[in-house]
Amino acid sequence: MKSRLRDLSHYGTRRLEVPADNFNRVRLGLRRLENPIRLSMPGLHNVDLLLDDETWIAVDQFHRDAPVLALTDFESLGRHSLQAPVRCRVYFYYASSELILNRLLQSMHRLLGARLEQRRGMVRGKVLTFPGACDA
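So the working numbering is basically just the index in the sequence shown, starting at one, shifted up by 360.
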């Protein structure tokens, strides 16, 4: 997805620190659910969020998935703590796209949490007995 963004002009850009819980949840979702992930954003009509290992792109469904904003260039290498935020670059493709950024991150966090929880309920595990374990 990232290569597609290089050819598009953008309205503005800035650096952003993504909260660790958002970044970690996306990484977990990409490992446990699917890669890439497409989420429909409730309350943000016609906006979907496409997530992969390199980019998080909000797209407008009615304009052939034209980007609204994109988070890319995540600086996660060398991170020493899972609680540390991750810096990235945000590209804005509309003048007003910056206004939905926080709402988008909150909705993404909630939706991915629900999907991960649903998957956890579907995956059945079993208790293993270790050889030589004594019964109490």
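Virtual Cβ for every residue (Gly too), placed ideally from N, Cα, C.
Local conformation of D381 per DSSP, three classes: For the purposes of this step, residue 381 is taken as residue 21 along the sequence shown, with counting starting at 1. Helix.
Minimum C-alpha distance to Y451 - residue among L442, D433, R475 and S441: The count along the sequence shown starts at 1 and reaches residue 451 at position 91. Of the candidates L442, D433, R475 and S441, the one whose C-alpha sits nearest the C-alpha of Y451 is D433.
Span of the beta strand (DSSP E) around I460: Looking up residue 460 in the sequence shown gives position 100. Per DSSP, I460 belongs to no beta strand (DSSP E) and is neither H nor E.
C-beta atoms of G403 and L472 nearer than 7 Å: Walking along the sequence shown from the start, residue 403 turns up at place 43. Walking along the sequence shown from the start, residue 472 turns up at place 112. Contact: no.
Check whether R447 and E377 have beta carbons under 7 Å apart: Locating residue 447 in the sequence shown gives position 87, where the first residue counts as 1. Locating residue 377 in the sequence shown gives position 17, where the first residue counts as 1. Yes. Within cutoff.
Proximity below 7 Å, CB of L368 to CB of V386: Residue 368 sits at position 8 when you count from the first residue of the sequence shown. Residue 386 sits at position 26 when you count from the first residue of the sequence shown. Cβ distance not < 7 Å, so L368 and V386 don't count as in contact.
For P491: DSSP bridge partner residues: Your numbering for residue 491 matches position 131 in the sequence shown. Per DSSP, none; premise fails for P491.
Endpoints, beta strand (DSSP E) assigned at F434: Numbered from 1 along the sequence shown, position 74 holds the residue referred to as residue 434. Careful: F434 lies outside any beta strand (DSSP E) and carries neither H nor E.
Nearest to W416 (by Cα), restricted to the options V407, L429, H423 and F422: Within the sequence shown, the letter at position 56 stands for residue 416. Taking only the C-alpha atoms, the option nearest W416 is L429.
Rounded straight-line distance, which links the Cα of R392 to that of R374: For the purposes of this step, residue 374 is taken as residue 14 along the sequence shown, with counting starting at 1. For the purposes of this step, residue 392 is taken as residue 32 along the sequence shown, with counting starting at 1. Spanning the two alpha carbons is a distance of roughly 30 Å.
Reduced DSSP category for R424 - H, G, I as helix; E, B as strand; rest coil: In the sequence shown, residue 424 corresponds to position 64, counting from 1. Here R424 sits in coil by DSSP.
Proximity to E414 [Cα-Cα], best of N382, Q443, E435 and Y454: Along the sequence shown, read from residue 1 onward, the residue named residue 414 stands at position 54. Checking every option, the nearest Cα to that of E414 belongs to E435.
Where P427 falls, given that 16 or more other Cβ within 10 Å makes a residue buried: Numbered from its first residue, the sequence shown carries residue 427 at position 67. P427 comes out buried.
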